[in-house]
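*Asks:* Have a look at this one.
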Amino acid sequence: MTTQTLSAGSPSARKTRTGGDLIRQLLVIVSLAGVIVVNGLANALPINGQATGDISDRFQVFFVPEGYVFSIWGVIYLALIAYAIYQAMPAQAANPILRNIGYPFILSCGFNVAWLFLWHYEFFVWTLAAMVGLLLTLILIYVRIGSGLRPAGLAEYWLLHFPFSIYLGWITVATIANATSLLDYLNWSGWGIGPATWAVIMLAIATVVGAAIGAARGDIAYVGVLVWAFVGIAVKHSATPLVAYSALAAAGIVAASLLIGVPRRRQRLSKMGGSGRMADDSSSAFTTTTA
Numbered sequence: 042m043t044t045q046t047l048s049a050g051s052p053s054a055r056k057t058r059t060g061g062d063l064i065r066q067l068l069v070i071v072s073l074a075g076v077i078v079v080n081g082l083a084n085a086l087p088i089n090g091q092a093t094g095d096i097s098d099r100f101q102v103f104f105v106p107e108g109y110v111f112s113i114w115g116v117i118y119l120a121l122i123a124y125a126i127y128q129a130m131p132a133q134a135a136n137p138i139l140r141n142i143g144y145p146f147i148l149s150c151g152f153n154v155a156w157l158f159l160w161h162y163e164f165f166v167w168t169l170a171a172m173v174g175l176l177l178t179l180i181l182i183y184v185r186i187g188s189g190l191r192p193a194g195l196a197e198y199w200l201l202h203f204p205f206s207i208y209l210g211w212i213t214v215a216t217i218a219n220a221t222s223l224l225d226y227l228n229w230s231g232w233g234i235g236p237a238t239w240a241v242i243m244l245a246i247a248t249v250v251g252a253a254i255g256a257a258r259g260d261i262a263y264v265g266v267l268v269w270a271f272v273g274i275a276v277k278h279s280a281t282p283l284v285a286y287s288a289l290a291a292a293g294i295v296a297a298s299l300l301i302g303v304p305r306r307r308q309r310l311s312k313m314g315g316s317g318r319m320a321d322d323s324s325s326a327f328t329t330t331t332a
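In the working numbering, the protein residues as written are 42 to 332.
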């Protein structure tokens, strides 16, 4: 008997390419291009005469990292460009995973652009709705990709899993930051709890989410983004020890979750026929046995 291994994108594992696949591939590229252009114009023009960061600086909140942390957008967009190119390749047109995430990604681009306009025109209540919409679509994509739950070849990991892991990681943090900014805008009293203490509560929530994903999926990219953001919060608010030390503790706890998650991921994937590490392009998501 011989064992035949099929990658998720191999012809044997995919259905026939259709005209709808080509439309989806093109829409993914156009949607991502729109996001990048609007994000560039948001600060180049800027939209409504205000830069994105200048608006953010108005809010007196602690759940905001140092400015250098936002450079991660460059990495995110480069990774998403790589994904857009990957999914546009003829050989990937009928890839079932790419089919399942194409339109949710297009929707996520709509939420991204909507958020920018709402933020710049100061419809702050609606910015949270757009951010939550973006978060939910990315969660859907992340679940459908199955990061950390199934074997992935090098190309699939770097061009599919990695882009959405770091994107989701950043939007996880951004959603909480958006919520804290909105509460500040609404002059919320905080039920008598001080801003620094609320920042610690928000950090605790983000830590629970990050540690849960780190322990369950061993997703180094996702966890790495949260650690990057938490350290940035500690740097920005170093003059407020409660916030700074809590942010550093959060970074340590989330990073430590990988000590549980990575071995679990390797064990899980080895049982499925993967190596536990990212295998080469011949690694499989589907295995068939033939005589």
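Each residue gets a CB set at the ideal place from its N, CA and C atoms; glycine is no exception.
#1: Are there three or more Cβ pairs, one per stretch, closer than 8 angstroms when the segment 64-81 is compared with the segment 140-158?
#2: Can you tell me whether DSSP reads G210 as helix, strand or coil?
#3: Would the segment 155-168 count as touching the segment 209-226 if we require 3 or more Cβ pairs under 8 angstroms?
#4: Within the same chain, show all residues whose beta-carbon is closer than 7 angstroms to that of T57, passing over the 5 residues directly before and after it, in chain order.
#5: Look at the alpha carbon of L157 and the alpha carbon of Y263, and state the distance between them as a whole number of angstroms.
#6: How many Å lie between S230 and A245 at the Cα?
#7: Contact between the segment 264-278 and the segment 94-112: three or more CB pairs below 8 angstroms?
#8: Three or more beta-carbon pairs under 8 angstroms between the segment 240-258 and the segment 295-307, yes or no?
#9: Where does G189 sit, in a helix, a strand or coil, going by DSSP?
#10: Going by DSSP, what residue range makes up the alpha helix (DSSP H) through V102?
#11: Could you check the C-alpha separation between K312 and R306 for me, to the nearest Å?
#12: Just tell me which of A218, G259, T93 has its CA closest to the CA of A240.
#13: So the candidates are L67, A123, L121, D260; which of them puts its Cα closest to the Cα of S188?
#14: Suppose you measure from the CA of Y208 to the CA of I117; what does that come to, to the nearest Å?
#15: Excluding the 5 residues flanking Q91 on each side, which residues of the same chain have their C-beta closer than 8 angstroms to its C-beta?
#16: Give the DSSP-derived three-state secondary structure of G235 in the structure shown.
#17: For L86, is the classification buried or exposed, using 16 other Cβ atoms within 10 angstroms of its Cβ as the cut-off for buried?
#18: Near Q101, what residues of its chain come up, given a Cβ to Cβ distance below 8 angstroms and the 5 sequence neighbours on each side ignored?
#19: State the CB to CB distance for the pair L68 and Y124, rounded to an integer number of angstroms; the pair is presumed to be in contact (CB under 8 angstroms).
#20: What did DSSP end up calling G194 once you bin it into helix, strand or coil?
#21: Take P145 as the anchor and find which of Q66, M243, N89, L300 has the nearest alpha-carbon.
#22: Note down the Cα distance separating S287 from I138, rounded to an integer number of angstroms.
#23: Where does W114 fall in DSSP's three states?
#24: What residue range does the alpha helix (DSSP H) around P145 cover?
#25: Whose CA, out of S112, T178, R140, lies closest to the CA of G61?
#26: Is the CB-CB distance between L169 and A220 below 9 angstroms?
#27: Is the beta carbon of A193 closer than 9 angstroms to that of A247?
#28: To the nearest angstrom, how far is it from the Cα of G143 to the Cα of Y127?
#29: Considering A280, what are the terminal residues of the alpha helix (DSSP H) in which it resides?
#30: Quick check: the Cα distance between T59 and L181, rounded to an integer number of angstroms?
*Replies:* Taking the structure as given:
#1: Enough Cβ pairs lie closer than 8 angstroms, so yes.
#2: Here residue 210 refers to the residue found at position 169 when the sequence shown is read from its first residue. The answer is helix: DSSP assigns G210 an H, G or I state.
#3: Touching, yes.
#4: Taking the first residue of the sequence shown as position 1, residue 57 is located at position 16. Correct list, in chain order: A135.
#5: To locate residue 157, count along the sequence shown from 1; it is residue 116. To locate residue 263, count along the sequence shown from 1; it is residue 222. Straight-line Cα distance between these residues: approximately 23 angstroms.
#6: By one-based count along the sequence shown, residue 230 stands at place 189. By one-based count along the sequence shown, residue 245 stands at place 204. Each residue's Cα considered, the two are about 20 angstroms apart.
#7: With the cut-off at 8 angstroms, the segment 264-278 and the segment 94-112 touch.
#8: Below 8 angstroms, enough C-beta pairs join the segment 240-258 and the segment 295-307 to call them touching: three or more.
#9: Here residue 189 refers to the residue found at position 148 of the sequence shown. Coil.
#10: Here residue 102 corresponds to residue number 61 of the sequence shown, with the count starting at 1. No alpha helix (DSSP H) contains V102, which DSSP labels as neither H nor E.
#11: Within the sequence shown, residue 312 is the residue found at index 271, counting from 1. Within the sequence shown, residue 306 is the residue found at index 265, counting from 1. Going by the C-alpha atoms only, they are around 10 angstroms apart.
#12: Here residue 240 is taken as the residue at index 199 of the sequence shown, counted from 1. That would be A218, whose Cα lies nearest to the Cα of A240.
#13: Counting from one through the sequence shown, the residue named residue 188 turns up at place 147. Checked all of L67, A123, L121, D260; the closest Cα to S188 is D260.
#14: Here residue 208 refers to the residue found at position 167 of the sequence shown. Here residue 117 refers to the residue found at position 76 of the sequence shown. If you draw a straight line from the Cα of Y208 to the Cα of I117, it comes to about 6 angstroms.
#15: Translated into positions along the sequence shown, residue 91 becomes position 50. Only H161 meet the Cβ criterion.
#16: Reading the sequence shown from its first residue, position 194 is the one you call residue 235. If DSSP states are grouped into helix, strand and coil, G235 belongs with coil.
#17: Position 45 of the sequence shown, counted from the first residue, corresponds to residue 86. Exposed, since its Cβ has fewer than 16 Cβ neighbours within 10 Å.
#18: Position 60 of the sequence shown, counted from the start, is the residue given in the question as residue 101. Within the same chain, and ignoring the five residues on either side of Q101 in sequence, the residues whose Cβ sits closer than 8 angstroms to its Cβ are D225, P236.
#19: Residue 68 sits at position 27 when you count from the first residue of the sequence shown. Residue 124 sits at position 83 when you count from the first residue of the sequence shown. Rounded to the nearest angstrom, the Cβ distance from L68 to Y124 is 14 angstroms, too far for a contact under 8 angstroms.
#20: As a position in the sequence shown, residue 194 is number 153, starting the count at 1. Of the three classes helix, strand and coil, the one that applies to G194 here is strand, per DSSP.
#21: To locate residue 145, count along the sequence shown from 1; it is residue 104. Comparing Cα-Cα distances from P145 to each of Q66, M243, N89, L300, the minimum goes to Q66.
#22: As a first step, residue 287 is located in the sequence shown; it is residue number 246 there, counting from the start. As a first step, residue 138 is located in the sequence shown; it is residue number 97 there, counting from the start. Taking the straight line from one Cα to the other gives about 39 angstroms.
#23: In the sequence shown, residue 114 corresponds to position 73, counting from 1. Helix.
#24: Locating residue 145 in the sequence shown gives position 104, counting from the first residue. 137-161 is the span of the alpha helix (DSSP H), which, as asked, contains P145.
#25: Within the sequence shown, residue 61 is the residue found at index 20, counting from 1. Considering only alpha carbons, the answer is R140.
#26: Position 128 of the sequence shown holds residue 169. Position 179 of the sequence shown holds residue 220. Here L169 is near A220, since their CB atoms are less than 9 angstroms apart.
#27: By one-based count along the sequence shown, residue 247 stands at place 206. By one-based count along the sequence shown, residue 193 stands at place 152. Taking 9 angstroms as the Cβ cut-off, A247 and A193 do not qualify as a contacting pair.
#28: To locate residue 143, count along the sequence shown from 1; it is residue 102. To locate residue 127, count along the sequence shown from 1; it is residue 86. If you take the alpha carbons of G143 and Y127, they lie about 12 angstroms apart.
#29: Taking the sequence shown and counting its residues from 1, the one referred to as residue 280 is at position 239. For A280, there is no enclosing alpha helix (DSSP H), as DSSP marks it with neither H nor E.
#30: The residue you call residue 59 lines up with position 18 of the sequence shown. The residue you call residue 181 lines up with position 140 of the sequence shown. Just so you know, the alpha carbons of T59 and L181 end up roughly 24 angstroms apart.
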